[in-house]
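Counting the sequence shown from 1 gives a position; this note's numbering is that position plus 7. All remarks here apply to the structure that follows.
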Amino acid sequence: MSYTEDRATWYNGQGLWPNTPGSDWGNWTWQFRNRITRLEQLEQYMTPTPEERAGILFASQKLALAITPYFFNLIDRDDPDCPIRKQVIPRAGEAQLAAEERLDSLGEDEHSPVPGLVHRYPDRVLFLVTDRCASYCRYCTRSRMVSNAQHYDFHPQHEAALEYIAAHPEVRDVLLSGGDPLLLADNKLDYLLGRLRAIPHVEFIRIGSRIPVFLPQRITPQLCDIFRKHGPIWMSIHVNHPKECTQALKDACERLAFAGVPLGNQSVLLRGINDDPEVMKALVHRLLRMRVRPYYIYQMDLITGGAHFKADVRRGIEIIEALRGHTTGYAVPQYVIDAPGGGGKVPINPDYIERINDQEVIFRNFEGRRFRYPIKSTPLVPDSGEIESGSERPAPEALASAKLAPHREPVLA
């Protein structure tokens, strides 16, 4: 399928589960109970490569295998390089370690005053409410704890975290993440959001979730009512490839938008999956059509066993250059590296400025043409000192006839 030419097709249907009653297929708890979590289950639907087989056997020591039936339908079972397949089916590369990789690559544990709470930035906290996801991304930043395959023994302390937030008036922004917060039961989410909304200094509540992508059936009217009740609730979803943009995801995003939830997207730049300007352009265009604003493209974190996913940073810069000026600004995300060890997000931008000093800045546009912008203004009339109180000001016609300094044309390449 060409993702640059396809503008109308949104995948829909039950695929490999045609005989499942629609009431079950559309039920998020059925989808969750029937996830593919073992090699023998996977082999009922496809033949894994030797590399995948080795990765699946190793997954029990690193990050569990789990794929919802809905998302499994998006896999091309005949193509080992399928961008969906590579994201969720383990490969042997996960067992290979590089010297720069770390279990906790972002230093979250160092900034955790309460189990399940990360306070890295002055005015915001990351509230990790669970260690479970609907499906597991093989490049997960928190693979040390998510799914508990590494026996991290993560036990979030919701009440202690809420008390910490309430006791720290500098915290105005709370991001719920995990694992995936939307796997919590409705009553638990309702409770947590209500408690947060009752804290006077908490102005901004966000949720980071891949549930709309892995399990769009979870976005029920009841869940949307909870978001409406405690709104505004902002949500960042996680879509990496245009093939993930299905009719079910589109419908789920529409339900969230109609519930008053502003939507953004965070992609991870992944080698051989989306490190291509045309693929990324197709993705951001589809996101906008789903009412989702492209927000971030992350350079992959330095997690253990993730080297086979790591794209070249220069490729990420090329992608931003290919988007800027060639599509609407709403479609251009910010490319960032989350600084290893806990330094926070750092924007990585194409360098459009060629020279800057006290007088001017020389820069290029998206076409490569060079321009000059003066930093100091050129006066319309000679500077004869301050105009004393009561003195006559130059008449408008004098200003109109004043001679400007010669206009300098843009500096062309």
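Where a beta carbon is used, it is the ideal one built from N, C-alpha and C, also for glycine. Just so we're clear, the structure is a prediction, and the values are computed from it rather than from any experiment.
Supposed close pair residue i, residue j - CB separation, criterion 8 Å
i    : j    : result
R235 : E210 : 18 Å between Cβ atoms; not a contact.
K250 : L81  : 6 Å
Y380 : E361 : No, Y380 and E361 are not in contact; Cβ-Cβ is about 12 Å, not under 8 Å.
N34  : Q254 : Between Q254 and N34 the Cβ distance is about 17 Å, and since that is not below 8 Å, they are no contact.
S274 : M242 : Their Cβ separation, rounded to whole angstroms, is 15 Å, which puts S274 and M242 out of contact at 8 Å.
N41  : P97  : No, N41 and P97 are not in contact; Cβ-Cβ is about 19 Å, not under 8 Å.
T44  : A73  : 5 Å
V181 : L203 : 6 Å
E328 : P347 : About 25 Å; that fails the 8 Å criterion.
T137 : L222 : So it is not a contact: roughly 14 Å between Cβ atoms.
V339 : V353 : Not a contact, Cβ separation roughly 18 Å.
A71  : S154 : 4 Å
I369 : R377 : 6 Å
CB contact check: residue i to chain D, cutoff 9 Å
i   : result
W35 : The structure shown has no chain D; it contains just one protein chain.
Beta carbon of residue i nearer than 9 Å to that of residue j
i    : j    : result
I218 : I226 : yes
L64  : T311 : no
F78  : V291 : no
D193 : A141 : no
A167 : V121 : yes
W17  : K257 : yes
E108 : G323 : no
K69  : S119 : no
H245 : N281 : no
L330 : M307 : no
G350 : E115 : no
D345 : Y302 : no
H165 : L199 : yes
L337 : L270 : The sequence shown places Tyr at residue 337, rather than the Leu named in the question. Cβ distance not < 9 Å, so Y337 and L270 don't count as in contact.
H315 : G100 : yes
From the options, residue whose alpha carbon lies closest to that of residue i
i    : options                : result
F161 : L135, R371, Q21        : L135
G332 : K352, V343, P57, K288  : K288
S112 : N26, R321, Y146, C252  : Y146
S67  : Y159, S384, V339, L277 : Y159
C260 : E285, M297, C231       : M297
Q51  : W24, F39, E58, G29     : W24
D319 : I355, L200, Q224, G114 : I355
P163 : V181, S154, G185, D358 : G185
M152 : L110, I369, A174       : L110
Q21  : G100, V343, Q224, A174 : Q224
P106 : E325, L309, Q229       : Pro is not the amino acid found at residue 106; the sequence shown has Ala there. Looking at the Cα atoms, L309 is the closest of the given residues.
T56  : C89, I206, I214        : C89
I233 : H248, E101, F370, R262 : R262
I172 : E117, E59, P207, S30   : P207
D85  : T54, R60, E59, E101    : T54
K383 : D283, D365, R139       : D365
F39  : R139, G123, A102       : R139
P284 : D83, L230, I363, T334  : T334
A174 : C144, A205, R371, P228 : A205
I214 : V286, L189, C144       : L189
G123 : R371, G279, L169       : L169
G279 : P87, P228, G29, E58    : P87
V286 : V299, R300, C252       : C252
F2   : I326, T148, P386, T385 : Not covered by the structure: residue 2. The range shown for the chain is 8 to 420.
Q341 : E117, P228, I363, R300 : R300
A102 : S30, E177, E58         : E58
K317 : T148, R371, I363, P386 : T148
Any non-hydrogen atom of the ligand NAP within 8 Å of residue i CB
i    : result
L113 : The ligand NAP is not part of this structure, which contains no ligands at all.
Exercise for review: Report yes or no: do three or more beta-carbon pairs, one from the segment 116-132 and one from the segment 92-108, lie closer than 8 Å?
Suggested key: Touching, no.
Review point. Hey, is the segment 228-242 in contact with the segment 264-271, meaning 3+ C-beta pairs nearer than 8 Å?
Key: Yes, since at least three Cβ pairs between the segment 228-242 and the segment 264-271 fall closer than 8 Å, the two stretches touch.
Review point. Along the chain, which unbroken stretches of the alpha helix (DSSP H) at least 4 residues long are found entirely within the segment 288-363?
Key: DSSP runs (the alpha helix (DSSP H)) wholly in the segment 288-363: 320-330.
Point to revise | Every unbroken beta strand (DSSP E) inside the segment 175-211 [3 residues or more] | key: If we require 3 residues or more, the beta strand (DSSP E) runs fully inside the segment 175-211 come out as 180-184.
Exercise for review: Could you tell me which uninterrupted beta strand (DSSP E) segments, each at least 3 residues in length, are contained entirely in the segment 211-278, listed from first to last along the chain?
Suggested key: Counting only runs of 3 or more, we get 211-215, 240-244, 270-276.
Review point. Enumerated in chain order, which unbroken segments of the alpha helix (DSSP H) with a length of 4 residues or greater are wholly contained in the segment 18-47?
Key: Whole alpha helix (DSSP H) segments, 4+ residues: 29-32, 35-40.
Practice item. Report the residue ranges of all alpha helix (DSSP H) runs contained in full by the segment 42-116; include only those spanning at least 4 residues, in chain order. Key: Complete alpha helix (DSSP H) runs here, min 4: 46-49, 57-69, 76-79, 90-95.
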